[in-house]
Structures are given as C-alpha cells and as structure tokens.
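Residues in the sequence shown are numbered from 22 upward in steps of one, following the numbering used here.
For each residue, glycine too, the CB sits at the ideal point set by N, CA and C.
Below is one structure, written out as structure tokens; comments come after it.
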Amino acid sequence: MTTYVFDFAQGNKEQKDLLGGKGANLAEMTNLGLPVPPGFTITTEACRAYLAQGSQPEALAAEIDEHLARLEEAMGRRLGDAEDPLLVSVRSGAKHSMPGMMDTVLNIGLNDESVHGLAAQSDNPRFAMDSYRRLLSMFGSTVMGIHDDVFSAEHDELKRRKDTTADLDLDVDDLRELVSAYKKAIEEHAGRPFPQDPREQMELAVRAVFDSWNTERAVLYRRQEQIPEDDGTAVNIQAMVFGNRGMDSGSGVAFTRDPASGSQGVYGDYLQNAQGEDVVAGIRNTVSLADLGELDPKSHDELLGIMKKLEDHYRDMCDIEFTIEQGKLWMLQTRVGKRTPEAAFRIAVHMVDEGLIDLDEALGRVNGAQLAQLMFPRFDENAERTLLTTGMNASPGAAVGRAVFDWATAVEWAERGEDVILVRKETSPDDLHGMVVAKGILTSRGGKTSHAAVVARGMGRTCVCGAEALEVDVHAGRFTVRDGKTVHEGDVISIDGTTGEVFDGAVPVADSLVVQFFEGEQVDDPLVEAVARLMEHADAQRRMQVRSNVDKAEDAARARRFGAQGIGLCRTEHMFLGERRELVENLIVADDEQGQEKALSALLPMQRQDFTEILESMDGLPVTIRLIDPPLHEFLPDLTDLSVTIALADSRGHRKKRQRKLLDAVRRLHEQNPMLGLRGVRLGIVIPGLFTMQARAILEAAAFRKKEGGDPRPEIMIPLVASVRELEIVKRRIIDVAREVRDETGVDLAFKVGTMIELPRAAITADKIAAAAEFFSFGTNDLTQMTWGFSRDDVEASFFSTYLQQGVFPVSPFESLDTEGVGSLVRTAVRLGREARPDLHLGVCGEHGGDPASIHFFDEVGLDYVSCSPFRVPVARLEAGRSALGGG
Ligand code: PEP
Ligand code: MG
22 MTTYVFDFAQ GNKEQKDLLG GKGANLAEMT NLGLPVPPGF TITTEACRAY LAQGSQPEAL
82 AAEIDEHLAR LEEAMGRRLG DAEDPLLVSV RSGAKHSMPG MMDTVLNIGL NDESVHGLAA
142 QSDNPRFAMD SYRRLLSMFG STVMGIHDDV FSAEHDELKR RKDTTADLDL DVDDLRELVS
202 AYKKAIEEHA GRPFPQDPRE QMELAVRAVF DSWNTERAVL YRRQEQIPED DGTAVNIQAM
262 VFGNRGMDSG SGVAFTRDPA SGSQGVYGDY LQNAQGEDVV AGIRNTVSLA DLGELDPKSH
322 DELLGIMKKL EDHYRDMCDI EFTIEQGKLW MLQTRVGKRT PEAAFRIAVH MVDEGLIDLD
382 EALGRVNGAQ LAQLMFPRFD ENAERTLLTT GMNASPGAAV GRAVFDWATA VEWAERGEDV
442 ILVRKETSPD DLHGMVVAKG ILTSRGGKTS HAAVVARGMG RTCVCGAEAL EVDVHAGRFT
502 VRDGKTVHEG DVISIDGTTG EVFDGAVPVA DSLVVQFFEG EQVDDPLVEA VARLMEHADA
562 QRRMQVRSNV DKAEDAARAR RFGAQGIGLC RTEHMFLGER RELVENLIVA DDEQGQEKAL
622 SALLPMQRQD FTEILESMDG LPVTIRLIDP PLHEFLPDLT DLSVTIALAD SRGHRKKRQR
682 KLLDAVRRLH EQNPMLGLRG VRLGIVIPGL FTMQARAILE AAAFRKKEGG DPRPEIMIPL
742 VASVRELEIV KRRIIDVARE VRDETGVDLA FKVGTMIELP RAAITADKIA AAAEFFSFGT
802 NDLTQMTWGF SRDDVEASFF STYLQQGVFP VSPFESLDTE GVGSLVRTAV RLGREARPDL
862 HLGVCGEHGG DPASIHFFDE VGLDYVSCSP FRVPVARLEA GRSALGGG
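See the structure below:
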C-alpha cells in the first residue's frame, strides 16, 4: 500500500521527488537536530493522484489523522482546542522551488472559540486576534478564491479611519472589527461562512495547495523555468510558531552568502513582530541581520551558528526562513539558495578555496546560460547619466526601457516590440506575466529577498528593489523621486541591477568585464577571476572541441580569442552580397557558357581574397568552408520591384535591355518553396561553374598561404546532400580542380571534402554518404525544418506560441534540439557513418551547437566538435566541460 504521509523525522534531503524541496529539507534539518517545529509532509504522489482523479486518494484522510494525532501528542495540544489550541501551517512545497507561485495558509485551527483560548494562553489578546485575521484573509483568498483586494481594502480602510499607515498601530479592538469584516466578506463572496471546524479547515487547505499546482501563474512559471508539468507538489503541515507575538518576536529570511554578488558573509532581512509573509511581501521595510544582533544577540548568534552548520552540511549557499518567538529561534525552511549568475561563479570558486568542494563540483554548479548572462553588456561607466535614486541591487544587468506600472501594459507594449521596465511598489505573483516580458523590474519596497528580487533572479531579469525614495503611484501611472522628478508611464529609464542605480533616460551600455576578459584584456575583477578558473577547468575536462560559425576574418579572429578551435561553418553565400551582387546577376543572366565564365572569373579573385584572410586568421586550425547554399534568386531583385521599374522605364520610352533579361531570370528562378528548391548541392550540379570557382578560390588561397609559410587547413563542405551520388559528382570536380591548382602552383595541399547532414534522407543513408565524405557536419537547422516539416522562416512567429502553450514541446526545436526526433536521426547517422568509415570526423554547425542542453546530447552521441557563433564559444566550452563530467 502506498504511504502518502511522512513525519519530518522520517525523511531526508535526497527525497525531493517525493517530499518536495521544502519537506525534504525540513526532514534534513530535523535530523540534524536543529530547532524545527514538528510536523509532517503529504507526498507529491498524493498530489499527483488527487490531480489525476479529481479527489483525494482514499487512504489519505486516515493517514493525515494518524500523523495529526501524533503531532498533537508531541505538542500537548489539540488542533483547534477551545482552551489551548494547536495551530498549524499548511504550505506547498514542490520538488523545484516556485517562489510565491503556490499557496500557503497559516494559523489553521483558529476559530471563534479557539481565538479566545489562544488569547488566554498567550496572555496576548491582540496577537490572537491578529493571527485570526491573518488566517481569514489567507484562507479566504487561497482556499475560498476571494480576491486579495477584498481583504486589503478592508485593512486599508480601517487604517485610514485610524489615521495610520502602520499595521502595528491597530489594537485588539480594531483587529476584532477587522475579523468581523473579513468573515462577512467571506460569506458574501464565497456564499458560505468561514469553516469553524479546524479539521475541515485543514482538509480544504490541503486541497487548495494541490489545486494551486494548476493555477495560471504556476503553469506560466513552470513553462518559463522548464519545470515538468506532472511533478505535483507536496504539502507540509507544521506546528505554528509565531513571529507576531510582540517585539521580542519576528520573522526573517537569510542567505549564508550574498545571493546577488556571491560575496562571503551572511545576508538577511528581519522584521520584528511579524509573520513570514510580511517579510517576503516587502510590506514593511526590514532590518539587517546585524541589526538583529543588536535586538536579540542570543538568537542572532544561534542563527549564525546554524547557518554555518547548514552551509557545511549542504556544502552550498543556503537560504533559510526563520522565526523568533519570544526570544526562541525556530527554523522554518532551508534550501540551496537561488543566486545570480555572478554569485554562482564566485560562490563556486570560493567554496573550492574553502575546501568545501572540488573543481569538478564547482563546474557542475555553474552553467552556460549563466555565463551567457554575464556576457551581456553593462552600463558604460564613462557615459553621462542622471541618477534618479539608488535602490537595492537585487538582480544584476543593465536594462533600459519605458516605465510601465502594471503587468497588462507591460505585456501589451512588449508585444508591439517596446522594451519596458515594470515599476511597482512591490510585486506579487499576479505580476509574473509582466516580469517575464520586461527588460527589468523596479520596486520601491522590499529587500533582496522580496518577491520581485527572488523571481527576477530566478529568471535572470535585471532588478532594482526597495528604492525607497520613489513614490510609486500605479493608478496614476507615474513615480516621483522624493524632492525630484516625476517619471510618467512611457518615459524611458535605465536601471542597473548590479549597483542598484536608477537613471533618467537611456544610458549607453558597454561590454561586460567577462567579454573583455575573453577578448584578452587584462581585467582585475573577482568575477572575472572566478570565470577564468572554471573555464580553465572546463577546457581541461572536455572531450569535444568547440569551433565557430563565422564568415569574416575579423569574426574569425574574435572567435579564436574566445577559444574557438577552428571554423565549423563558413557560409559563403554571405560573400556574394553588397557590391558583388551585380556579378552574381551577370552569372545568372549570362546567355552562354562564355558569359558565365566571364562572370565567374570576376568573382574568383574576390573569393580567393576572402578565403586567404580567413585561412590566415585561423592559421593552423581547421576551416570548414561551405560552398554556396541558398537559392540563386535571393541574389536577384524582387520580382515586383523590378516589374515596376521596367514599366516606368517603358512609359518614359527608355530602353532597359539588362533589366529585361534580369526580369526573365527572376521569373525563371522563382520558386514557391525556395527552401525546398534549387539550393545547396543541387545548385552545384545545375551550375557547376559556381562550385568549381569556389573550390578553386579556396585551394588557391590555401596554396598562397602555404607559400607564405602559413599552415592552412581547409575543409570543403557540400550543403544539402540527400544522396551519395550528388556528393560524388561534386567531389570529382573538386578533385579535378585540386589537381589543376597543384599543377599550377606547385603546392601539394592537404584538404578534406565532406558534407552537411541536414536532410533526413542523408541521415538514414549515412553509411553510403560516408563512403564519399571525410567528415559530416550536422546542419540541425535544416534537419529540424525538414524533419518536422516546419518552415524555418515562418513557423516560429506564426504558431509556435500556441504550440508552446499547449505543451507540444517545452521549447522551440529550432532553439534546443528535439533529441527524440531530430536527435534520433543524428544518432543514426553517427552510427551508420562510423560503421562505414571509422575515422569519419563529426561535428554540428546548426544553431544547436551553442545551446547548452543540445551540447550535452552531442557529447553523448560522440560528436568530435560543436560549432557556434563566436559569442557562444565560451558557453559551449563550459558546457562541453560540464558534460564531460556528467553534469546535466
Ligand atoms: C543548418 O541547416 O543547420 C545550417 C547550419 O545551415 P544553414 O543554417 O545555413 O541552412
Ligand atoms: Mg542548412
């Protein structure tokens, strides 16, 4: 029989699948002997069963009763007892943390009677009434589905009547009034009174937590973070401890290191006389842990001791939630803390130096996506700027955009292509849509642990929070800097999440320090040092090589500085644009072979020069040059434009012989589906002179470089091959050209001829193709297009959002390789190719070559290298290193 409920003492931190992150870590802390209020966890399995069948599994209620009885015994109190009630919290806790997305209800067990018992027991009627009104509003909104605003409006109205803005100014009579108002509101909005039976409260709260798995915001968050839809959440039921029992009580959140910068030393926020929710919501401004040291040195010291113990035990930065109840410290939660990319690199390296982890593990703790973020630009320090204010540096980066004050406007403006900065007093989970589309988030309240900060860091979005000098009026759509300027909706602002600064207007941005380091500059900076050490380790560990996709010498030079070990794809079609376009037109409109020859011989020296420069910049490293790929009509004028020009010329009696010939060619070459038409090797077969001219240019350039004392290593690559016969035809001509070049120059050249594998037919006949190819390079862009039947140019913009929404795939297959489908063709081609030719060299040059998840797949199937754009070369190096160590 399945067990659905476990006491905290029965679990451990490895059981996140079953107990969720919170439950597993509560169990771990319990077993470490830390002061954790007792309780139990309802498993994710129970949630999955509930969601699948629409009702709780039969055995669950009895199991809960049994564990509740045990908890009551341990605490010496009964749930909801009129004299001395046990109160519990009911909290969600999925395997992957989803901050603020899921439901929590505190103070379950209070009702009209037990609130008096609590008042008497605690000798604090105000505290009892405050706890009851919190239960009513939390239960009302999360369990009974009433909008938060209903409760906050009552609360604000009462404070207004009392002429105060501080919750703490409300006395017990005020709170009693609030309790009545809340109960009335619940009955009015939910059509039933607040349930007085404590066991029913608990039952409904558990259900609400299960249901909160499927709220719109939770679904959206999971899609963003790629968290599996079918994990489900666990539910933790725990004896309440109270941070709102007076000024000797309070709640806090803390990190064992700074989650924004990674600096050593604890970091946290504490709020006196408050429950946990108040801290995270940023409703009142908090004090630092150092201040807690002044307020309550005993709890402070104990807390620091526990934080050290946790960090040593988890061997990672932990974040914790704690409560102090009348001078007694309680631990409510811990987990390995979310951090910014900068902090991830710095903490990993610090921990190596502190002997907590080794370099392999450090490498596993950072990833390519984080590195990519560190390569984003930052604000140019030398540029002029007008500082509006400084808030807290909650999530680094430099964001420029128009100020918007609600999530719906953020979404609307972002959809029409505007960069926006979402400005709020504080954010709530409802703002998530806006946070996703915004370039940055700015709040006037809350610390680095506020909702805005935590979610922004999780998403890698720039965030400045707690900018207290800002008076934010979301209804009027503006904010005013104290004693200063007013910024209206639509005005451009710039926010620096690394320093916390907020600027008026658009501040220019400069290269990141990490990029400067990759460029070879001397940069003295702790982050750069951490990146350098982990890159070095990744390079030492990785099996796969990393090349770059470039077609200009200066990009090749940059790629090389960034660590590329050659060029995996030089797209030569880019070399026929601009002024050379006319020469291609000449080739296309030529009447006879002679005309074609003339056009080609005009192109030859230019191509030779292109290749000479590229081979020089990659001297000593392999350079894969792909012969021209796209359809020829891409080099011709637009059919309509040209027709109009000719019609105009006709009407004026001008003669336009060349234009007319061009128009004929444009008409002749027009295709309904150019991606499936005359391109790639097909072009090479139909207009052989083009491919042979290119092959000659490559080989002459190589011969020239060799004569100059260089070490050119050209690899000639044929695109869009479907059948080995196509490759054989073209290859024979290339070999002939090579012989001619050797005879003409007297230079004996080593070069390779290989092919792209980018059509399904090529993949499944790879054994045959391998007989004529010395290397394969997987063109996963076309292979994805051709396998799914998705037009690369159209589908992403037209219907992918619907596909993503409906879960056909979690991420676009053009972005991250569809390992199941397209990947299976890659696997097949690798196997067949190597069976036919064991020394076949294998790489990938589609966009996926720079995508972290895909890189791990290519490593697993045994490719020799990945090739990607220069800026992704460091990311690919890092991920190839992580993959070699088995890191996911
Ligand atoms: C590919 O198809 O994956 C590829 C690299 O070629 P292109 O993107 O130029 O078609
Ligand atoms: Mg292609």
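Residue i to residue j, Cα distance in whole Å?
i    : j    : result
A260 : G289 : 24 Å
R568 : D440 : 33 Å
T307 : G864 : 54 Å
P219 : E402 : 59 Å
E557 : R367 : 15 Å
H176 : L156 : 14 Å
K649 : R592 : According to the sequence provided, residue 649 is Ile. The question's Lys does not apply to it. Each residue's Cα considered, the two are about 7 Å apart.
E79  : L47  : 26 Å
L780 : D872 : 21 Å
L534 : T64  : 45 Å
G828 : E250 : 9 Å
Q566 : Y886 : 4 Å
I462 : R445 : 8 Å
Are there 16 or more other CB atoms within 10 angstroms of the CB of residue i, so buried, or fewer, so exposed?
i    : result
D299 : buried
R893 : buried
V707 : exposed
G286 : exposed
D374 : exposed
P626 : exposed
H675 : exposed
R399 : buried
N694 : exposed
G418 : buried
F821 : buried
D452 : buried
L697 : exposed
Can you give me the Cβ contacts of residue i inside the same chain, cut-off strictly under 7 Å, excluding the 5 residues immediately before and after it?
i    : result
S135 : G101, D102, A103, P106
M639 : A577, R581, G587, I588
A620 : L604, N607, L608, A611
G498 : F426, H509, E510
E655 : none
In this structure, how does DSSP classify residue i when only helix, strand and coil are distinguished?
i    : result
V571 : coil
P658 : coil
E594 : helix
K116 : coil
Q142 : helix
H862 : strand
H371 : helix
Q285 : strand
L127 : strand
P626 : helix
S845 : helix
I248 : coil
M738 : strand
T805 : helix
H675 : coil
D494 : strand
D28  : strand
Per DSSP, residue i forms a beta bridge with which residues?
i    : result
N388 : Answer by DSSP bridge pairing: none, since N388 is not bridged.
T51  : Answer is none; T51 lacks a bridge partner.
D525 : T407, I514
Q259 : G60, S110
G273 : Y291, F343
For residue i, which residues of its own chain have a beta-carbon under 6 Å away from its beta-carbon, when the five flanking residues on both sides are left out?
i    : result
R848 : V882
P146 : A140, V193
V742 : V702, L748, T776, A783
F276 : Y288, D340, G358
T501 : E492, T507
Might you give, ordered along the chain, the residues of its own chain that have their beta carbon closer than 8 Å to the beta carbon of residue i, omitting 5 neighbours on each side?
i    : result
L72  : F231, W234, N235, G253
R601 : L624, M627
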